[in-house]
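Notes follow once the structure below has been shown.
Put into structure tokens, the structure is as follows:
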């Protein structure tokens, strides 16, 4: 799996099957009859979720190096 992820990371080509999501409507309460009484969830590939987590960790390390020490807005807060 590591070889596949590294190839995708290097080329930027993600298999089309991984990019497909299915949407499902779940009732907020039992017996819901109106559309606004439902919530929508997206079901996506577990492999894609893993890949996105790997990419996020790689990118976030690089981004943190570019942030000024006095930058506090829109970043993950570090609690001491």
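Numbering (this note's numbering), first residue to last: 1 to 80.
By construction, the Cβ of each residue, glycine as well, lies at the ideal position given by its N, Cα and C atoms.
For residue 4, there is no enclosing beta strand (DSSP E); the residue is part of the alpha helix (DSSP H) that begins and ends at 2-11. By alpha-carbon distance to residue 17, the top candidate from 28, 38, 49 and 10 is 49. In terms of Cα proximity to residue 39, the closest of 46, 45, 47 and 30 is 30.
Its chain contains 40, 41, 42 and 43 as the residues whose beta carbon lies nearer than 8 Å to that of residue 23, once the 5 sequence neighbours on both sides are disregarded; these appear in chain order.
Going by beta carbons, residue 45 and residue 20 fall inside the 9 Å limit.
DSSP, reduced to helix, strand and coil, places residue 60 within a helical segment of the structure shown. Relative to the Cα of residue 7, the nearest Cα in the group 34, 55, 36 and 37 belongs to 55. Around the beta-carbon of residue 26, fewer than 16 other beta-carbon atoms lie within 10 Å, marking it exposed.
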